[in-house]
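> Quick one: the structure is below, questions incoming.
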Amino acid sequence: MTRHRALIGILVIALAGLAVASHAADQQNNTKGVPFPAIAMGQGETCVEDTDFMRRNHMDLLDHQRDETVINGVRTEQHSLKECINCHVVNGPDSVPVTVSSPQHFCRSCHDYAAVSVDCFQCHASRPGVEN
Amino acid sequence: MKRIIYSEIKGRSPQFYALAAILLVFVLTALASAFYMEHSGHYVTGMNNQVVWGMPHVFAIFLIVAASGALNVASIGTVFGKTIYKPLGRLSGLLAIALLLGGLVVLVLDLGRPDRLIVAMTNYNLKSIFTWNIFLYVGFMVIVAAYLWLQMERRMNRFAKSAGMLAFLWRLILTTGTGSIFGFLVAREAYDSAIMAPLFIAMSFSFGLAVYILVLLAACRGSERDIGDKVVNKLGRLLGIFAALVLYFTAIQHLTNLYAAEHIGVEKFILLDGGIYTLLFWVGQVIVGGIIPMVLVFRASGDVSRNAILASTLVIIGGFAQVYVIVIGGQAYPLELFPGMEVSSSFNDGVIASYAPSLPEIGLGLGGVALTGLITLFGMKLLRFLPASLANATIDPHHSVTAKSS
Amino acid sequence: MSIKTEKSTPTPGFDPVRRKFLSAVAAAAGVALAPGVMLYGITKSNSAAARVSGSAVSSNVRWGMLIDLNRCDSGCDDCVTACSKENGLQGHGRPATDAQWIRKVDVTNPQTGASQSLPMMCQHCADPPCVDVCPTGASFKRADGIVLVNKHTCIGCRYCMMACPYKARSFIHESLEDQKPHAPRGKGTVESCTLCVHRVDAGGQPACVEACSDTGGGAMLFGDLKDPDSEISQRVAKYATQQIRADLGLDPGVRYRNL
Ligand code: SF4
Ligand code: SF4
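Printed below as a string of structure tokens:
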């Protein structure tokens, strides 16, 4: 039992160390380690919310909006995934918007970096479509 | 009556490890199959938009139905106080949990989105019989586990009987729930009937006991424990009664359906001209899975265990045939959009749907069976599930009395 | 203001009051131009119930459809083509697993040999069995009667497909890419006719109905079954209409005439 405690203790300390180190790396603007992704800008002047706010909370906004849309039929554009996709387009070398299969894709560039998988594009189009 | 002594199986022989390795290979094959199906999409399987539940469901339903039946042996011992069954109770509980887990894993891995299991666990539609089944399955495992513990922990023995009672009631509800998954489908001619629930209960008695007999005999032989003809004979005869019960409810199911005019079409399909389904029904379910096992346990002479093993195997084969006919045959028969009319369309309206199980589906199903085996095997190795001896003299008080006086 | 322009889907955010006015004009024009001829699908039946953008759907509306089989020709499948185009349903050359939201069914009476053709899709039942059986609540009925699959919570168990009496649902058997932005759909989930919910929410009508009136027989009429003044309600009140498998008591929102 004591041996287990010691083990857990070591693990906790190691994890904490890792977290501090990676935070420091972030603040040094990533001089070493995984290169910071090149995130494509949106098209307008500003995003629908502060960039900082969006970084942390975009998933909650999307989640909320998705339920509103699917269940209540509210199709406003403010926090809709469709509008994110329309605005944050990245064109490939052939100047056609890339899909999420390209590492340059707006969502993917960051999600790859953060190693968080995105489930949206199994169903949603990952680039603007031709509306009819 | 003597105190029953239970002990772990040693599990150190090469045969033990060989068996474990084979089972493991099957489990890994199942995982690979599931990954392949999820990765490519279900078009690589035999299922389609007409037959939406395929081979994995046949395996899963068989295992789940058998799970609740496997517990019967314990119930007969504790709830109905039949002493001869008492030593058999622990293994019965272990097997019930193992079968249920095996079945559920197959069911989950065949989902379109198994990665969303957490969604199924957190979003409930309480109107759905499926949801109720999730609760019933989880509850079943908890109750059986508690029941096993109460049996094994001597200080707690006195509560074992009430727990056994609860487990017994729970399993009846559980099988009713499984049967109702089909019974509630009003639009499917083959399923829409109240007889589904009792039929499933009879099936669970029979399949569960058949699996139990096979596992018990294999475990006793593998670990070189005595097992007397008395126990085997008793279990075998019980299996015969259950097999008869299944046939009886099957007969009622089809007779009531024949009575209702709107079901004549599907009845004709299953009983007369359904090709593979008709064959599976008459030869697989009725003859192989019903009549022959009954003859074997009631009439045949010769080695009791050999007859019991044969009968159990046939009941299991017949059981698979029966579940296949219910699940796949019921879907193959077209929905009646316009009763009495002939319909045709680009979406296979009005035609018998075809279904051919694919290798990954079968691999996934067999993996569920193998998982059940692995759990049982290691369960017996780690805890005291198996009685040290089931020889005639150990289990039957009268037997020992006569033995002494002679 | 020609009738032709009025037929196209109004842009989202189009002033509802103005649209209502215009459609009233169009309706009047339609009647005046061709008295006695049924101009199904020409009037903007949806406009009266158009919602303020951003408000939730209301149960004061129940969307439904009336299909006149005398105008539906067995050789015509314009509704099917329009649906596939609108929702981006491409086949993969595997008819048994390819999705079909709407299909043409030919019904023949074996005694008389009389034959009819009709479009079949999700009937948007008032008491939908698919919703009852769905374990996660992914199948649901919107307040306005449209039955949908919430693909965010669908686990692909296919129980709804077992339960639907109309075989209206399809399971997506393969990975998809470049879906229509307004019609998300993906591998491992179940889908069915959405009544073109994105169009309806924008005040329009389903693509099949539009195609049927443009190039088909003009057999389909879309509208609010709860609004006594809507064209569909008036027709349902006036003529004998049928629900398919009415014996099951599911009260489908899709009604048929001359079946
Ligand atoms: S037609 Fe089928 S899918 Fe549509 S609402 Fe009715 S039961 Fe559900
Ligand atoms: S397949 Fe999806 S929508 Fe259908 S019952 Fe299962 S979870 Fe619900």
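Residue numbers (numbering that gives the first Met the number 0), protein chains in the order written: chain A, 0 to 131; chain B, 0 to 405; chain C, 0 to 258.
C-beta atoms are modelled at their ideal positions from N, C-alpha and C, and glycine is treated no differently.
Owing to the predicted nature of the structure, the values given are computational and were not obtained by experimental measurement.
Round the Cβ separation of B:Tyr42 and C:His172 to the nearest angstrom and send it over; I've been treating them as touching at under 8 Å.
The pair is a contact, with the Cβ atoms about 4 Å apart (cut-off 8 Å).
> If you measure from the beta carbon of B:Glu360 to each beta carbon in chain C, is any gap under 7 Å?
Answer no: the Cβ-Cβ gap between B:Glu360 and chain C never drops below 7 Å.
> Could you give the DSSP three-state label for C:Val253: helix, strand or coil?
If DSSP states are grouped into helix, strand and coil, C:Val253 belongs with the strands.
> For C:Ala162, which residues of its own chain have a beta-carbon under 6 Å away from its beta-carbon, when the five flanking residues on both sides are left out?
Cβ neighbours of C:Ala162 beyond the five flanking positions: Pro128, Cys129, Val132.
> Could you name the residues of the same chain whose beta carbon sits closer than 6 Å to that of B:Ala387, not counting the 5 residues immediately before and after it, in chain order?
Answer for B:Ala387: Ile4, Ser6, listed in chain order.
> Threshold first: 4 residues or longer. Then list the alpha helix (DSSP H) segments lying entirely within the segment 314 to 382 of chain B, N to C.
With a minimum length of 4 residues, the continuous alpha helix (DSSP H) runs that stay inside the segment 314 to 382 of chain B are 358 to 381.
> Check whether the segment 273 to 281 of chain B touches the segment 231 to 248 of chain B, taking contact to mean three or more Cβ pairs, one atom from each stretch, closer than 8 Å.
Short answer: they don't touch.
> Check each candidate in B:Ser12, B:Ser222, B:Tyr16, B:Gly40 and name the one with the smallest Cα separation from B:Leu373.
Comparing Cα positions, the closest option is B:Tyr16.
> Mind pulling the chain C residues with CB within less than 7 Å of B:Ala119?
Per Cβ cutoff of 7 Å: Pro134, Thr135, Ile154.
> List the residues that DSSP assigns as beta-bridge partners of C:Trp62.
In DSSP, C:Trp62 forms a bridge with C:Asp223.
> Whole-angstrom Cβ separation of C:Ile101 and C:Cys192, contact assumed at under 8 Å?
Confirmed, about 6 Å.
> Please confirm whether B:Leu385 and B:Ala144 have their CB atoms less than 7 Å apart.
Result no, Cβ atoms of B:Leu385 and B:Ala144 do not sit closer than 7 Å.
> With hydrogens ignored, establish whether the beta-carbon of C:Ala239 is closer than 6 Å to any heavy atom of ligand 1.
No; taking the cut-off as 6 Å, the Cβ of C:Ala239 has no heavy atom of ligand 1 nearer than that.
> Taking the alpha-carbon positions, what's the A:Arg74 to C:Ala55 distance?
Approximately 9 Å, taken between the alpha carbons.
> By Cβ distance below 7 Å, which residues in the same chain neighbour A:Glu164 in space, the five residues on each side in sequence not counted?
The displayed coordinates of chain A run from 0 to 131. Any statement about residue 164 of chain A would go beyond what the structure contains.
> Please enumerate, following chain order, all residues with a beta carbon closer than 7 Å to at least one heavy atom belonging to ligand 1.
Qualifying residues, in the order they occur: C:Cys121, C:Gln122, C:His123, C:Cys124, C:Pro127, C:Pro128, C:Cys129, C:Val130, C:Ser138, C:Val146, C:Cys159, C:Ala162, C:Cys163, C:Pro164, C:Tyr165, C:Ala167, C:Arg168, C:Ser191, C:Leu249, C:Pro251.
> Using a Cβ cut-off of 7 Å, pull out every chain A residue sitting near C:Ser52, in sequence order please.
Here the neighbours are Thr75.
> Compute the Euclidean distance between the alpha carbons of B:Leu87 and B:Ile212, then round it to the nearest angstrom.
In a straight line, the C-alpha of B:Leu87 is about 10 Å away from that of B:Ile212.
> Whether or not the segment 105 to 117 of chain C and the segment 334 to 345 of chain B are in contact is what I'm after, with contact meaning three or more pairs of Cβ atoms, one per stretch, closer than 8 Å; do they touch?
Short answer: they touch.
> Note down, in chain order, all residues in the segment 153 to 173 of chain B with a beta-carbon under 7 Å from any beta-carbon belonging to chain C.
Cβ contacts with chain C: none found.
> Grab me the residues of B:Ile180's own chain with a C-beta within less than 8 Å of its C-beta, minus the 5 sequence neighbours each way, in chain order.
The residues are Ile128, Phe129, Asn132.
> Apart from the five residues on each side of it in sequence, which residues of its chain come closer than 6 Å, Cβ to Cβ, to C:Ala218?
Only Ile66, Asp67, Arg70, Cys71, Cys211 meet the Cβ criterion.
> Going by CA-CA distance only, name the one from C:Met119, C:His123, C:Thr135, C:Leu117 that's closest to B:Leu116.
The residue with the shortest Cα to Cα distance from B:Leu116 is C:Thr135.
> Count the other C-beta atoms from every protein chain shown that fall within 10 angstroms of the C-beta of B:Tyr258, then say buried if there are 16 or more, exposed otherwise.
Exposed: under 16 other Cβ atoms inside 10 Å.
> Please list, in chain order, all residues of the same chain as B:Ile251 whose beta carbon is under 7 Å from its beta carbon, the five residues on each side excluded.
Result list for B:Ile251: Ile194, in chain order.
> Only counting the same chain, and skipping five residues up and downstream in sequence, which positions put a Cβ closer than 7 Å to that of A:Val87?
Reading off the sequence, residue 87 of chain A comes out as His, not Val. If we look at A:His87 and ignore the five residues flanking it on each side, its Cβ neighbours are Ala39, Gly41, Phe105.
> So, does the CB of B:Phe337 fall closer than 7 Å to a CB anywhere in chain C?
Yes, because at least one Cβ of chain C sits closer than 7 Å to the Cβ of B:Phe337.
> From A:Asn131 to C:Glu85, what distance separates their C-alpha atoms?
Unreliable positioning characterises A:Asn131 in this predicted model, as indicated by a pLDDT of 38, which lies under 50. The coordinate reading is nonetheless provided below. Taking the straight line joining both Cα atoms gives about 8 Å.
> By the three-class DSSP mapping on this structure, what secondary structure does C:Phe139 have?
In the structure shown, C:Phe139 sits in a strand (DSSP, three-state: E or B).
> Hey, is B:Ile117 close to ligand 2, as in C-beta under 6 Å from one of its heavy atoms?
Because no heavy atom of ligand 2 lies under 6 Å away, the Cβ of B:Ile117 does not count as near it: no.
> Between the C-alpha atoms of A:Tyr112 and A:Ala37, what's the straight-line distance to the nearest angstrom?
Taking the straight line joining both Cα atoms gives about 10 Å.
> With 16 as the cutoff for other CB atoms within 10 Å, does C:Ile41 come out buried or exposed?
Its pLDDT being 39, under 50, C:Ile41 is placed unreliably in this model, and the value from its coordinates should be taken loosely. Result: buried.
> Looking at the strands, I want to know which residues DSSP matches up with A:Asn90.
Answer is A:Pro96.
> How about C:Gly155: is its Cβ closer than 6 Å to a heavy atom in ligand 2?
Yes, Cβ of C:Gly155 sits closer than 6 Å to a heavy atom of ligand 2.
> Residues in the same chain with beta-carbon distance under 6 Å from B:Leu149, minus the five sequence neighbours each way, listed in chain order, please.
Cβ neighbours of B:Leu149 beyond the five flanking positions: Met155, Phe158, Ala159, Ala162.
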